[in-house]
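Encoded as C-alpha cells, the structure appears first; notes follow it.
In my numbering, the protein residues as written are 573 to 1061.
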C-alpha cells in the first residue's frame, strides 16, 4: 500500500511586523519527493515518525511535499499561492495512493480572508481532490487554532501531547500505526471536536505541571476506554487574530461518533470549569532581575514578550537593559542583529568596537544596547543537536554569528538569522559555557526549558511587552470569536 506525506508548517503571528515571504520558506526548507525522506529519516520530527511507522507496517511511504520556516508574521498571499500550487502539483504527480498522512501546524495564517485559516483551506481542498473515502490522518502542533474545516477534512487528528514539544516523533508513529490499522480494516476512525469559549494563557501551557497536568491526566484516562483511538488537547495560539483563536479538544474513536463527541465535550467542560487557573501569572522585569541576582546562578530568565518560537523579533533588549542598570553581572543574551554582525566581523576578533545592538525590528521590544564591546569570536553559526528538543529539529543555522562582551559582564551572541532557543548549542557551539554566567536570557516561554532547565538553578518567566507578550488581553483583536474568556467572563 502507498501512503502519501504532505506537510506545511508555520506558526503565524499576526501581530508581528515581519511578513512571512516565499524566500523565507526557500531558505529554511521547501522539499519535494524523496528529498523529504532524506531530510527526516532517523530524526525526531513527526515526519520521521511517519516514515518509520509506515516502514514498520510494511507500507510504502510516498513523500511529496514539505515546507516550513520559523514563526513570523502572516504569510503573504503570493507565498500561500505558490506553496499551495507546488503542494498540489506534487500530489497530482504522485500516482495512486491508499492513504495520506498530513502534518500542518494548525496555526498557519495567510493574507486574505480565504487564507486566514490556511490549514483548513488546503486540507479542505485536499479532501475535495482525493474524495471522501481515502483515509487522511493528521498531526498538529497543540498551538494550533483548530477549525471545524480541519476536522471535517480528516479522518483523525492527533496533537502533540507535550510542551515543550518532545513527542513529535511519537505522534508521527501513532498516526502511521493508525493508518495501517485503518487500511487493514481493523478500525474505522471517526472524530469530533469541541471548541470551548476559552483561550489559554501562554504562561500556563506547561503540560508537565498544573493547571495543564490534571487536564492531560483526564485525557489519558479516556484513552483506556473501549473504542477510543486517540484524544488531543489543543492549547491554542493567542498571537493570531483569526476567528479560530482559542482552545479546542479532539477525540477519535473506532466508528462511534457519539463517544467521540462525549469525550471532546467532557474535556472542554473541565477547561470551562477551571478556566480561571489558565490565565497566567506575570512577573515584572525588575522583580525577575532581583530574583536572578539574589541567589546562586545560573538563573534562566525567559523573555516571554520576545518569544522567537511564537514569531517575535528575536532582538528584544528590555531584560538586558535592566541588568545593565544594576551594574556588573555576568549574563548571556542572544540577539538577531545582522547589522551588528557585519560591524563586528569588520572589526575582527580581539578588536574593540562601539555597537548599537538589538531593538531594530520594531519599537516594541526595547531600544538598542549601545556599548563598547570586545569581539570574542566569529562563527559560522551552524550546529547539530543530538537530543530530542522542542520542534524535533537536529540541524540549526544561526547564520554568521559574532560573540561580543561588554566590560560590565554582558556577553551577547549576535546572529544573522532568527533562531529559536531550543538547544544549548546556541551557546556551546560558539565556545560559551552556561555555567560561566549568573543570568541566561532565553527568548521563549516553554520551548527553551528542555535545554535550559538542566543547566539552570531556576527558571523565571518574565512578563515583557512585545509581539508575544504573555497577557493576550494587551492585544487588539478584530477577528477572534466573542465571547471568549479571559477577554469576556
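Idealized CB from N, CA, C, for every residue including glycine.
Assigned secondary structure, residue i (DSSP; H/G/I helix, E/B strand, else coil)
{"i": "residue 532", "result": "Lying outside 573 to 1061, the shown extent of the chain, residue 532 is not represented and no answer is given."}
{"i": "residue 640", "result": "strand"}
{"i": "residue 786", "result": "helix"}
{"i": "residue 904", "result": "strand"}
{"i": "residue 631", "result": "coil"}
{"i": "residue 603", "result": "strand"}
{"i": "residue 693", "result": "helix"}
{"i": "residue 979", "result": "coil"}
{"i": "residue 974", "result": "strand"}
{"i": "residue 687", "result": "helix"}
{"i": "residue 984", "result": "strand"}
{"i": "residue 682", "result": "strand"}
{"i": "residue 809", "result": "coil"}
{"i": "residue 1004", "result": "coil"}
{"i": "residue 1012", "result": "strand"}
{"i": "residue 954", "result": "strand"}
Beta strand (DSSP E) segment containing residue i, residue limits
{"i": "residue 676", "result": "671-676"}
{"i": "residue 574", "result": "574-581"}
{"i": "residue 592", "result": "No beta strand (DSSP E) holds residue 592; DSSP gives it neither H nor E."}
{"i": "residue 967", "result": "967-969"}
{"i": "residue 942", "result": "941-951"}
{"i": "residue 764", "result": "761-766"}
{"i": "residue 1000", "result": "Premise fails: residue 1000 lies in the alpha helix (DSSP H), 997-1000, not in any beta strand (DSSP E)."}
{"i": "residue 927", "result": "924-929"}
{"i": "residue 801", "result": "800-806"}
{"i": "residue 1056", "result": "Here residue 1056 belongs to no beta strand (DSSP E), and DSSP marks it neither H nor E."}
{"i": "residue 826", "result": "820-826"}
{"i": "residue 1042", "result": "No beta strand (DSSP E) contains residue 1042, which DSSP labels as neither H nor E."}
{"i": "residue 936", "result": "Looking at the DSSP string, residue 936 is not in any beta strand (DSSP E), and its letter there is neither H nor E."}
{"i": "residue 1035", "result": "Counting along the chain, residue 1035 falls outside any beta strand (DSSP E), and DSSP gives it neither H nor E."}
{"i": "residue 730", "result": "728-731"}
{"i": "residue 871", "result": "871-875"}
Integer Cβ distance of residue i from residue j, believed to fall under 8 Å
{"i": "residue 681", "j": "residue 812", "result": "5 Å"}
{"i": "residue 1016", "j": "residue 874", "result": "6 Å"}
{"i": "residue 871", "j": "residue 1030", "result": "5 Å"}
{"i": "residue 889", "j": "residue 981", "result": "Contact doesn't hold; Cβ gap of about 16 Å is too wide."}
{"i": "residue 854", "j": "residue 1035", "result": "4 Å"}
{"i": "residue 617", "j": "residue 938", "result": "34 Å between Cβ atoms; not a contact."}
{"i": "residue 640", "j": "residue 590", "result": "Not a contact, Cβ separation roughly 16 Å."}
{"i": "residue 656", "j": "residue 584", "result": "Going by Cβ atoms, the distance from residue 656 to residue 584 rounds to 15 Å, so no, they are not a contact pair."}
{"i": "residue 962", "j": "residue 738", "result": "7 Å"}
{"i": "residue 688", "j": "residue 582", "result": "About 13 Å separates the two Cβ atoms, so there is no contact after all."}
{"i": "residue 996", "j": "residue 1027", "result": "7 Å"}
{"i": "residue 612", "j": "residue 623", "result": "6 Å"}
{"i": "residue 711", "j": "residue 760", "result": "Not confirmed; about 19 Å, so no contact."}
{"i": "residue 1052", "j": "residue 817", "result": "5 Å"}
{"i": "residue 867", "j": "residue 1043", "result": "With a Cβ gap of about 27 Å, residue 867 and residue 1043 do not count as contacting."}
{"i": "residue 768", "j": "residue 840", "result": "4 Å"}
CA-to-CA distance, residue j to residue i, given in whole angstroms
{"i": "residue 880", "j": "residue 974", "result": "19 Å"}
{"i": "residue 935", "j": "residue 750", "result": "48 Å"}
{"i": "residue 869", "j": "residue 861", "result": "12 Å"}
{"i": "residue 731", "j": "residue 1019", "result": "16 Å"}
{"i": "residue 831", "j": "residue 987", "result": "51 Å"}
{"i": "residue 697", "j": "residue 969", "result": "34 Å"}
{"i": "residue 820", "j": "residue 729", "result": "12 Å"}
{"i": "residue 843", "j": "residue 1008", "result": "42 Å"}
{"i": "residue 779", "j": "residue 736", "result": "8 Å"}
{"i": "residue 826", "j": "residue 803", "result": "12 Å"}
{"i": "residue 756", "j": "residue 705", "result": "14 Å"}
{"i": "residue 1058", "j": "residue 1033", "result": "20 Å"}
{"i": "residue 638", "j": "residue 978", "result": "42 Å"}
{"i": "residue 724", "j": "residue 917", "result": "53 Å"}
{"i": "residue 1022", "j": "residue 991", "result": "16 Å"}
{"i": "residue 906", "j": "residue 833", "result": "46 Å"}
{"i": "residue 914", "j": "residue 897", "result": "27 Å"}
{"i": "residue 733", "j": "residue 985", "result": "32 Å"}
{"i": "residue 666", "j": "residue 699", "result": "16 Å"}
{"i": "residue 702", "j": "residue 610", "result": "26 Å"}
{"i": "residue 762", "j": "residue 1049", "result": "34 Å"}
Chain D contact for residue i (CB, 8 Å cutoff)
{"i": "residue 902", "result": "The structure shown contains no chain D; it holds only a single protein chain."}
Bounding residues of the alpha helix (DSSP H) (the contiguous stretch that carries residue i)
{"i": "residue 835", "result": "829-845"}
{"i": "residue 913", "result": "910-919"}
{"i": "residue 754", "result": "740-755"}
{"i": "residue 718", "result": "Where residue 718 is concerned, there is no enclosing alpha helix (DSSP H), given that its DSSP letter is neither H nor E."}
{"i": "residue 959", "result": "Taken as a continuous stretch (DSSP letters only), residue 959 belongs to no alpha helix (DSSP H), as it is neither H nor E."}
{"i": "residue 859", "result": "857-866"}
{"i": "residue 1021", "result": "1021-1024"}
{"i": "residue 891", "result": "890-897"}
Closer than 7 Å: residue i CB and nearest the ligand COA heavy atom
{"i": "residue 610", "result": "Absence of the ligand COA from the depicted structure is noted, as is the absence of any ligand whatsoever, leaving it without description."}
(request) May I ask you to verify whether the stretch 624-635 touches the stretch 713-722, counting CB pairs closer than 8 Å and requiring at least 3? (result) At 8 Å Cβ cutoff, the stretches do not touch.
(message) Below 8 Å, how does it come out for the stretch 941-952 and the stretch 920-932: are there three or more Cβ pairs, yes or no?
(response) Yes, they touch.
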